[in-house]
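Using this note's numbering, read the sequence shown as starting at 219 and increasing by one per residue.
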Amino acid sequence: MLSGYFENCYGIKQFTLPNINFKKCNKAIIYAPNGVMKTSLAKVFEDISKGTATSDRIFKDAMSRYSITYYASHYEYSSSGGNAISQSDNRIVPLILDKNSLMLNIS
Numbered sequence: 219m220l221s222g223y224f225e226n227c228y229g230i231k232q233f234t235l236p237n238i239n240f241k242k243c244n245k246a247i248i249y250a251p252n253g254v255m256k257t258s259l260a261k262v263f264e265d266i267s268k269g270t271a272t273s274d275r276i277f278k279d280a281m282s283r284y285s286i287t288y289y290a291s292h293y294e295y296s297s298s299g300g301n302a303i304s305q306s307d308n309r310i311v312p313l314i315l316d317k318n319s320l321m322l323n324i325s
């Protein structure tokens, strides 16, 4: 199960990611209209995979933070507190399929 909370991340003001179940497959596709922050969400997961800081691209001074849970693994970040903390070897790899689709691959 993947779930999370995002605040001031690449234009995402506040967003709670509903539970995504990965028991049958290690991939999930998020389909939504253009302009609803799928790319911004992908950038956060890319930051986690690379271990880089997340920021807000619109409000540069806003505190960016996220909290993501993938089964027993937990990822947290706050721009006021430093780097991402990963407690697992699982990687969440985002792939933009087209302007309306984002695929999350767990490896």
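Each residue gets a CB set at the ideal place from its N, CA and C atoms; glycine is no exception.
Own chain residues within Cβ distance below 7 Å of G222, not counting five before or after: Within the same chain, G222 has close Cβ partners L235, Y284, S285, I286 and T287.
Proximal residues to A290 (C-beta, below 6 Å), its chain only, five neighbours per side dropped: So the list is empty, once near-sequence residues are dropped.
8 Å Cβ cutoff met for N226 and S282: yes
As assigned by DSSP and simplified to three states, the class of A246: Strand at A246.
Under the three-state DSSP convention, the category K183 falls into: Examination of residue 183 is not possible in this model, given that the chain is present from 219 through 325 alone.
Element boundaries [alpha helix (DSSP H), containing G282]: Checking the sequence shown, residue 282 turns out to be Ser, not Gly. It is not in any alpha helix (DSSP H) - S282 carries neither H nor E in the DSSP assignment.
Cβ-based neighbour list, N239, same chain, cut-off 7 Å, excluding 5 preceding and 5 following: M219
Straight-line Cα distance separating S267 from F277: 23 Å
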